[in-house]
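S.K.:
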Amino acid sequence: MEEYRLELKHVSKSFGEVQALENINFHLGQNEVVGLLGDNGAGKSTLIKIITGYHQPTSGEIYFNGKKVDHLTVPKARELGLETVYQERALAELQTLWRNIFLGRELTTWMGFLDIQRMRDETYRLMTESMGFTSRAVNPDSLVGKYSGGEKQGVAIVRALFFNADIVVLDEPTMGLSLKESAKLISFVNGIKQAGKSAIFIDHNILHVYNVADRVVVIDRGRVAGEFQTKNIGLNELMDKMVRVAETGRLS
Amino acid sequence: MNSQNKARLPEITQHYKPPFNLRRFIRTNSAQLGILGVFVTLWIIFIVSAPKTFLAPHIYSAFMASTPFFAIMAIPLTIVVIAKEIDLSFPSIMAMGMVSFNYTYGATTFIHNTTIQVFLAIVAALVTGAIIGWLNGFIIVKFGIPSLVVTIGTQFLWSGADLVLTQGANFSLEYIKQTFFYNLFVGTIGPYFPMQMFWLIVVTILGWILLNRHRFGAHVYLIGDNINSAELMGINTGRVRIQAFMLVGVVSAFAGILASFYVAYFWPNVGGGYLLQTLASVFLGGTSVFGGTGTILGTFLGAFIIGAIEAATVAVGLTGFWTNFIYGLIIVLSVIMHTYLRKRGE
């Protein structure tokens with residue numbers, strides 16, 4: 022049997038008294054795009070932050086490519102080939118573009134000294150080749166805080182791509198984007214799939230998720246309420262089910 | 082991990098070398114150019130109103146002798162402020178470093194070699210500074226208490242410990258003049274150039290390199306800008322901040338050594354009076370209290386503006402009573418200028 026890229030077994034997470042996640046079983050296949058759906062506060066973001074190593078689960082196990090990973094941290098997850106485009110973008114707005122691209126993973130020469138020319142060169146290449154930025158305001162030395170919402174999202178995505186991730190996690194990537202920018206993003210997620218990689222896609226917009234995901238996992242009140250292959254379910258049916266989950270906590 | 086990242090990259094074929102653009106240069110360096118403008122303007126005012134004083138080398142020699150004692154601490158303090166923290170405890174670290182110095186010197190008399198004793202005492206002072214800095218950082222990071230509150234507390238704590246340990250005694254350190262450390266730290270090169278100025282320049286250059294050319298500095302800027310982003314991207318924000326406080330600790334202890342050596346005398350409140358001058362240097366230099374922006378060069382210039390005002394006030398014919406008023410005026414106007422420049426730069 023082909024092993025999963027990523028698997029969570031019986032993962033629970035509580036913050037003090039609050040049980041955010043309860044006994045979550047989740048897996049992501051090779052070259053699969055999984056959509057996570059769920060209402061506000063369902064636990065989607067907590068689940069993502071466990072996968073990316075930002076939060077440690079209270080109990081449960083995490084496997085990457087079939088191997089159990091103990092005490093997952095953000096640097097460890099990145100080494101294992103997982104990159105995240107966070108809902109909050111995780112940008113430093115007073116800093117230049119090149120500093121943001123290499124945030125937390127600066128290219129260095131020796132003893133931690135920065136290889137600034139190399140980082141600016143790489144940033145310049147990414148801008149012209151991958152981001153397709155044409156605005157003159159966007160250059161390696163410009164401050165990210167001045168960019169538009171779409172440009173900022175572009176920075177967050179290109180940053181994830183640069184390090185050649187096997188798994189890309191996108192947390193609410195279309196939030197605050199224009200229609201045109203959203204369409205560009207959807208084609209980007211399709212590009213991940215075509216490149217043979219895997220992705221986890223979280224969005225409020227069911228239509229977006231339905232269009233890009235192979236499989237949809239519905240989270241409600243910290244549990245997995247159900248999952249569907251998108252080829253086996255119609256969009257209207259999925260929407261009806263989502264409304265029912267939100268009202269009753271059950272799929273059927 | 083780094084080599085791995087690099088190995089995945091294709092060769093760079095095209096270098097990014099933007100043509101020099103004066104407008105962009107001015108915009109990206111507006112804070113430093115702003116304080117440089119203030120610096121030069123004041124200088125011209127001083128020269129015009131008191132040409133005899135300000136066209137002779139003596140006054141500059143005097144500035145270079147007295148300013149480094151606090152300017153040297155303003156350099157690591159700039160790094161702490163860029164990381165959106167503050168340290169108000171450095172005056173007490175100056176004193177505690179010297180307390181360690183005295184204890185170590187006293188406890189090593191069996192060596193019968195003043196130079197080795199003084200060397201060990203210097204090491205003890207610097208280590209004490211590092212430990213107190215570490216403790217500041219540790220309390221701030223582990224308990225999540227704002228650094229303003231913690232370092233007000235530790236300032237009282239260590240200046241109190243200083244008084245308890247010394248019983249308020251002050252005494253001569255004449256013996257240091259027998260060692261080469263005296264000339265190395267507070268001697269002069271030629272007739273006019275004090276060694277403490279040399280050490281200030283060394284610390285300034287090291288601080289600049291650390292902040293602008295090293296991963297540590299990159300992380301300091303990111304933490305001050307958006308600590309949440311820094312954490313999401315895997316930066317150990319606690320460790321970086323603790324290291325920044327340790328830098329202030331070590332350099333403050335060194336400043337305590339310089340100030341005590343200069344007069345070859347120990348007095349328990351050696352750091353007293355440096356608190357506001359050091360803080361003012363940082364903010365005058367354009368470092369934002371909101372974190373994420375600030376420069377070492379700005380702080381350096383800010384410190385010399387602060388250092389010059391007192392002497393200049395008297396030299397231009399005003400009474401010493403004017404000093405604080407002029408300090409205040411320049412600080413307030415400069416901070417307004419910096420805020421304006423930052424807003425325009427956004």
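Keeping their order, the protein sequence lines are chains U and D.
Mapping to the numbering used here: the first sequence position 55 is 76, numbers consecutive.
Mapping to the numbering used here: the second sequence position 322 is 403, numbers consecutive.
Positions of the beta carbon are idealized from the N, C-alpha and C atoms, including for glycine.
1) Hey, how far is the Cα of residue 424 of chain D from the Cα of residue 358 of chain D?
2) Rounded to whole angstroms, what is the Cα-Cα separation between residue 127 of chain U and residue 120 of chain U?
3) Check whether the Cβ atoms of residue 222 of chain U and residue 259 of chain U lie closer than 8 Å to each other.
4) Tell me which residue opens and which closes the beta strand (DSSP E) that residue 244 of chain U is part of.
5) With a threshold of 16 other CB atoms inside 10 Å of the CB of residue 141 of chain U, please say whether the residue is buried or exposed.
6) Based on Cα-Cα distance, which residue from D:189, D:259, D:183, D:216 lies nearest to residue 206 of chain D?
7) Please name the residue, chosen from D:384, D:276, D:313, D:236, that lies closest to residue 176 of chain D on a Cα-to-Cα basis.
8) Are at least three pairs of beta-carbons, each pair with one atom in the stretch 145-163 of chain D and one in the stretch 383-403 of chain D, less than 8 Å apart?
9) In chain D, which residues lie less than 7 Å from residue 85 of chain U when you measure between Cβ atoms?
10) With three or more C-beta pairs closer than 8 Å as the rule, is the stretch 367-386 of chain D touching the stretch 154-163 of chain D?
11) Quick check on DSSP: helix, strand or coil for residue 318 of chain U?
12) What residues in the stretch 309-324 of chain D bring their beta carbon closer than 8 Å to a beta carbon of chain U?
13) State the Cα-Cα distance for the pair residue 160 of chain U and residue 231 of chain U, rounded to the nearest angstrom.
14) Determine the direct distance from the alpha carbon of residue 203 of chain D to that of residue 264 of chain D, and round the result to whole angstroms.
15) With 8 Å set as the bound, which would you pick, yes or no: does the beta-carbon of residue 99 of chain D sit closer than that to a beta-carbon of chain U?
16) Could you list which residues in chain D have their beta carbon closer than 9 Å to that of residue 95 of chain U, in chain order?
17) What does the alpha-carbon distance come out to for the pair residue 107 of chain U and residue 321 of chain D?
18) Is the shortest distance between the beta-carbon of residue 134 of chain U and the beta-carbons of chain D less than 8 Å?
19) Which chain D residues sit within Cβ distance under 7 Å of residue 172 of chain U?
20) Using 10 angstroms around the beta-carbon of residue 197 of chain D, count the other beta-carbons present and answer buried if the total reaches 16, otherwise exposed.
21) By how many angstroms is the C-alpha of residue 192 of chain D removed from the C-alpha of residue 226 of chain D?
22) Determine whether the Cβ of residue 297 of chain D lies closer than 8 Å to any Cβ atom of chain U.
23) So with CB distances below 8 Å, who are the chain D contacts of residue 241 of chain U?
24) Taking the alpha carbon of residue 49 of chain U as the reference point, which residue from U:226, U:214, U:267 has its own alpha carbon closest?
25) From this set, D:400, D:316, D:324, which residue's C-alpha is nearest residue 95 of chain U's C-alpha?
26) Once the 5 residues before and after residue 397 of chain D are set aside, which same chain residues still bring their CB inside 6 Å of it?
27) Report the rounded CA-to-CA distance for residue 243 of chain D versus residue 173 of chain D, giving the unit in angstroms.
28) Which one of D:256, D:140, D:100 has the shortest CA to CA distance from residue 345 of chain D?
29) What residues from the stretch 72-83 of chain U come within 9 Å of chain D, judged by C-beta to C-beta, listed N to C?
30) Please list the partners that residue 303 of chain D has in chain U, where partner means a Cβ-to-Cβ separation under 8 Å.
31) Would you verify that the beta carbon of residue 142 of chain U is, or is not, closer than 8 Å to some beta carbon of chain D?
32) Can you list the residues of chain D that residue 107 of chain U reaches, using a CB-CB cut of under 7 Å?
33) Residue 415 of chain D and residue 365 of chain D - do their beta-carbons sit closer together than 8 Å?
34) Less than 7 Å between C-beta atoms, sequence neighbours within five positions excluded: which residues of the same chain meet that for residue 351 of chain D?
35) Is any beta-carbon of chain U found at less than 8 Å from that of residue 306 of chain D?
36) Taking 8 Å as the CB-CB cut-off, is residue 129 of chain U touching chain D?
M.R.: Well, looking at it:
1) Translated into positions along the second sequence, residue 424 of chain D becomes position 343. Translated into positions along the second sequence, residue 358 of chain D becomes position 277. For residue 424 of chain D and residue 358 of chain D, the distance between alpha carbons rounds to 26 Å.
2) Indexing the first sequence from 1 puts residue 127 of chain U at position 106. Indexing the first sequence from 1 puts residue 120 of chain U at position 99. Distance between the alpha carbons of residue 127 of chain U and residue 120 of chain U is about 8 Å.
3) Taking the first sequence and counting its residues from 1, one reaches residue 222 of chain U at position 201. Taking the first sequence and counting its residues from 1, one reaches residue 259 of chain U at position 238. Against a cut-off of 8 Å, the Cβ pair of residue 259 of chain U and residue 222 of chain U comes out as no contact.
4) Indexing the first sequence from 1 puts residue 244 of chain U at position 223. Its beta strand (DSSP E) spans residues 244-250.
5) As a first step, residue 141 of chain U must be located in the first sequence, where it is residue number 120. Counting Cβ neighbours within 10 Å, residue 141 of chain U comes out buried, since at least 16 surround it.
6) In the second sequence, the residue the question calls residue 206 of chain D occupies position 125. Out of D:189, D:259, D:183, D:216, the CA that lies nearest to the CA of residue 206 of chain D is found in D:183.
7) For the purposes of this step, residue 176 of chain D is taken as the residue at position 95 of the second sequence. Of the candidates D:384, D:276, D:313, D:236, the residue whose Cα lies closest to the Cα of residue 176 of chain D is D:236.
8) Short answer: they touch.
9) Residue 85 of chain U sits at position 64 when you count from the first residue of the first sequence. By Cβ distance, chain D contributes nothing, its closest Cβ being about 16 Å from residue 85 of chain U, past 7 Å.
10) At 8 Å Cβ cutoff, the stretches touch.
11) There is simply no residue 318 of chain U to check, as chain U begins at 22 and stops at 273 in what is shown.
12) Within the stretch 309-324 of chain D, those residues whose Cβ lies closer than 8 Å to any Cβ of chain U are, in chain order, 309, 310, 311, 312, 313, 314, 315, 316.
13) Numbered from 1 along the first sequence, position 139 holds the residue referred to as residue 160 of chain U. Numbered from 1 along the first sequence, position 210 holds the residue referred to as residue 231 of chain U. Going by C-alpha positions, residue 160 of chain U is about 35 Å away from residue 231 of chain U.
14) As a first step, residue 264 of chain D is located in the second sequence; it is residue number 183 there, counting from the start. As a first step, residue 203 of chain D is located in the second sequence; it is residue number 122 there, counting from the start. One C-alpha to the other measures close to 14 Å.
15) Taking the first residue of the second sequence as position 1, residue 99 of chain D is located at position 18. Yes, residue 99 of chain D lies at the interface with chain U (some Cβ there is under 8 Å from its Cβ).
16) Here residue 95 of chain U refers to the residue found at position 74 of the first sequence. Near residue 95 of chain U (Cβ distances below 9 Å), the residues of chain D are 312, 313, 314, 315, 316.
17) To locate residue 107 of chain U, count along the first sequence from 1; it is residue 86. To locate residue 321 of chain D, count along the second sequence from 1; it is residue 240. Distance from the CA of residue 107 of chain U to the CA of residue 321 of chain D, rounded to the nearest whole angstrom, comes to 23 Å.
18) By one-based count along the first sequence, residue 134 of chain U stands at place 113. So yes, residue 134 of chain U belongs to the interface.
19) By 1-based counting over the first sequence, the position of residue 172 of chain U is 151. What residue 172 of chain U touches in chain D: nothing, since even the nearest Cβ is about 15 Å away.
20) Numbered from 1 along the second sequence, position 116 holds the residue referred to as residue 197 of chain D. It counts as exposed.
21) What you label residue 226 of chain D is simply residue 145 of the second sequence in a count that begins at 1. What you label residue 192 of chain D is simply residue 111 of the second sequence in a count that begins at 1. Straight-line spacing of the CA atoms in residue 226 of chain D and residue 192 of chain D works out to 44 Å.
22) Translated into positions along the second sequence, residue 297 of chain D becomes position 216. Closer than 8 Å to some Cβ of chain U, the Cβ of residue 297 of chain D qualifies, so yes.
23) Translated into the one-based positions of the first sequence, residue 241 of chain U becomes position 220. Per Cβ cutoff of 8 Å: no residues; residue 241 of chain U is ~25 Å from chain D at best.
24) On the first sequence, position 28 is the one that residue 49 of chain U refers to. Put simply, of U:226, U:214, U:267 the residue whose alpha carbon is nearest the alpha carbon of residue 49 of chain U is U:214.
25) Reading the first sequence from its first residue, position 74 is the one you call residue 95 of chain U. Of D:400, D:316, D:324, the residue nearest in Cα terms is D:316.
26) Taking the second sequence and counting its residues from 1, the one referred to as residue 397 of chain D is at position 316. Excluding the 5 residues flanking it on each side, residue 397 of chain D has same chain C-beta neighbours closer than 6 Å at 130, 131, in chain order.
27) On the second sequence, residue 243 of chain D is found 162 positions in, with the first residue counted as 1. On the second sequence, residue 173 of chain D is found 92 positions in, with the first residue counted as 1. Approximately 8 Å between the Cα atoms of the pair.
28) As a position in the second sequence, residue 345 of chain D is number 264, starting the count at 1. Among D:256, D:140, D:100, the Cα nearest to that of residue 345 of chain D is on D:256.
29) Listed by position along the chain: 73, 74, 75.
30) Counted from its first residue, the second sequence places residue 303 of chain D at position 222. Those are 113, 116, 120, 124, 125, listed as they occur along chain U.
31) The residue labelled residue 142 of chain U in the question sits at position 121 within the first sequence. Among the residues facing chain D, residue 142 of chain U is included, as its CB has a counterpart in that chain under 8 Å away.
32) Position 86 of the first sequence holds residue 107 of chain U. Going along chain D in sequence order, the residues near residue 107 of chain U (Cβ under 7 Å) are 313.
33) Counting from one through the second sequence, the residue named residue 365 of chain D turns up at place 284. Counting from one through the second sequence, the residue named residue 415 of chain D turns up at place 334. Cβ distance < 8 Å, so residue 365 of chain D and residue 415 of chain D count as in contact.
34) Indexing the second sequence from 1 puts residue 351 of chain D at position 270. Around residue 351 of chain D: 175, 176, 179, 337, 340, 341.
35) Here the question's residue 306 of chain D lines up with position 225 in the second sequence. Residue 306 of chain D counts as touching chain U.
36) Numbered from its first residue, the first sequence carries residue 129 of chain U at position 108. So, interface residue.
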